[in-house]
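So for the sequence shown, numbering that gives the first Met the number 0 puts the first residue at 0; every next one is plus one.
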Amino acid sequence: MGAGASFDAVLLAGGRARRFGADKPAAPAGGRPLVEWAAAAASGASRLVVVGPRRDVLPDAVVVREDPPGAGPVPALRAGLAEVRAPVLALLAADLPFLRPAHVAALLEAMGERDGAVLVDEDGREQWLAGCWRAGALRTALAAYEGASLRGFLGPLDPVPVRLPAGVRPAWFDCDTPEQLAAAERLL
């Protein structure tokens with residue numbers, strides 16, 4: 000899979016944000032909502048699919064809801080995947096302010112002939128909402144998957160682990176709490 004190949008992007012921007020206490024994807028960081036940072040990272044996508052409530056941002060995105068709303072990442076992925084037309088997709092959380100197009104390109108390139116590639120953090124942990132996947136493999140696996148764990152669903156697809164230098168602004172840094180958002184704000 001070359002970095003210039005056609006792909007769609009699915010941003011998971013729903014959920015309950017229990018630890019955050021507000022509409023996390025709409026929270027501002029560096030002068031723009033978190034969901035806009037994630038969309039910018041996938042700017043090369045042919046189609047942008049946002050799973051979550053409609054917001055007054057990303058007017059060109061296809062917006063869908065998981066059923067029921069807030070049901071979790073597997074139902075959200077199922078809803079987003081239904082709108083994917085390209086053979087490959089970037090699956091991204093909507094709260095990744097340091098993810099950039101070059102990181103998505105690195106994931107696409109790393110896939111090769113495999114079913115997926117996923118960022119791993121400095122401790123080697125897979126960041127399941129920062130990856131690229133073959134849409135057909137996801138559809139086949141989803142048809143047989145009855146669980147609720149994104150790791151339980153994506154892990155068996157044996158994605159290529161992609162390690163990037165951590166630096167000051169690691170691509171996988173997500174904003175699950177107001178404190179993490181404040182830390183990201185200081186670095187943007």
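Glycine included, every Cβ here is placed at the ideal spot set by N, Cα and C.
Just so you know, these numbers come straight off a predicted model, no measurement behind them.
Using a Cβ-Cβ cutoff of less than 6 angstroms, which residues in the same chain neighbour residue 148 once the five nearest sequence positions on both sides are dropped? In the sequence shown, counting from the first residue as 1, residue 148 sits at position 149. Excluding positions up to five away in sequence, the list is empty.
Continuous beta strand (DSSP E) assignments of at least 3 residues falling wholly in the segment 13 to 100: The segment 13 to 100 contains these whole beta strand (DSSP E) runs: 47 to 50, 61 to 63 and 87 to 92.
Would you identify the three-state DSSP class for residue 129, choosing helix, strand or coil? Taking the sequence shown and counting its residues from 1, one reaches residue 129 at position 130. DSSP, reduced to helix, strand and coil, places residue 129 within a strand of the structure shown.
Check for me: the alpha helix (DSSP H) holding residue 177 runs from which residue to which? Taking the sequence shown and counting its residues from 1, the one referred to as residue 177 is at position 178. Per DSSP, residue 177 belongs to the alpha helix (DSSP H) from 177 to 186.
If you reduce the DSSP assignment to three classes, tell me which class residue 137 lands in. Residue 137 sits at position 138 when you count from the first residue of the sequence shown. In the three-state DSSP reduction, residue 137 falls in the helix class (H, G or I).
If you draw a straight line from the alpha carbon of residue 35 to that of residue 70, how long is it in whole angstroms? Looking up residue 35 in the sequence shown gives position 36. Looking up residue 70 in the sequence shown gives position 71. When rounded, the distance between both Cα atoms is 23 angstroms.
Distance check for residue 29 and residue 153, CA to CA, integer angstroms please. Residue 153 sits at position 154 when you count from the first residue of the sequence shown. Residue 29 sits at position 30 when you count from the first residue of the sequence shown. Each residue's CA atom was taken as its position, placing residue 153 and residue 29 some 31 angstroms apart.
From what residue to what residue does the alpha helix (DSSP H) around residue 150 run? Locating residue 150 in the sequence shown gives position 151, counting from the first residue. Its alpha helix (DSSP H) spans residues 149 to 153.
Tell whether a beta-carbon distance below 8 angstroms holds between residue 160 and residue 125. Taking the first residue of the sequence shown as 1, we reach residue 160 at position 161. Taking the first residue of the sequence shown as 1, we reach residue 125 at position 126. Result yes, Cβ atoms of residue 160 and residue 125 sit closer than 8 angstroms.
Just the C-alpha distance for residue 45 and residue 25, rounded to the nearest angstrom, thanks. Translated into the one-based positions of the sequence shown, residue 45 becomes position 46. Translated into the one-based positions of the sequence shown, residue 25 becomes position 26. The C-alpha of residue 45 lies about 23 angstroms from the C-alpha of residue 25.
Applying the criterion that 16 or more other CB atoms from any shown protein chain within 10 Å of the CB defines a buried residue, is residue 146 buried or exposed? Within the sequence shown, residue 146 is the residue found at index 147, counting from 1. So residue 146 counts as exposed.
Does residue 8 come out as helix, strand or coil in the three-state DSSP assignment? The residue given as residue 8 occupies position 9 in the sequence shown. Judged by DSSP in its simplified three-state form, residue 8 adopts strand.
Should residue 135 go down as buried or exposed, given a rule of 16 or more other Cβ atoms within 10 Å for buried? Taking the first residue of the sequence shown as 1, we reach residue 135 at position 136. Counting of Cβ neighbours within 10 angstroms places residue 135 among the exposed residues, the total staying below 16.
Terminal residues of the beta strand (DSSP E) in which residue 113 lies: What you label residue 113 is simply residue 114 of the sequence shown in a count that begins at 1. Where residue 113 is concerned, there is no enclosing beta strand (DSSP E), given that its DSSP letter is neither H nor E.
Starting from residue 158, trace the beta strand (DSSP E) both ways and give me its first and last residue. On the sequence shown, residue 158 is found 159 positions in, with the first residue counted as 1. Taken as a continuous stretch (DSSP letters only), residue 158 belongs to no beta strand (DSSP E), as it is neither H nor E.
Can you check which of these residues, 86, 56 and 23, is closest to residue 39 by C-alpha distance? In the sequence shown, residue 39 corresponds to position 40, counting from 1. Of 86, 56 and 23, the residue nearest in Cα terms is 56.
By the three-class DSSP mapping on this structure, what secondary structure does residue 118 have? The sequence position of residue 118 within the sequence shown is 119, counting from 1. Strand, per DSSP.
CB of residue 93 within 8 angstroms of CB of residue 10, strictly: Taking the first residue of the sequence shown as 1, we reach residue 93 at position 94. Taking the first residue of the sequence shown as 1, we reach residue 10 at position 11. Yes; because the gap between Cβ atoms is below 8 angstroms, this pair is in contact.
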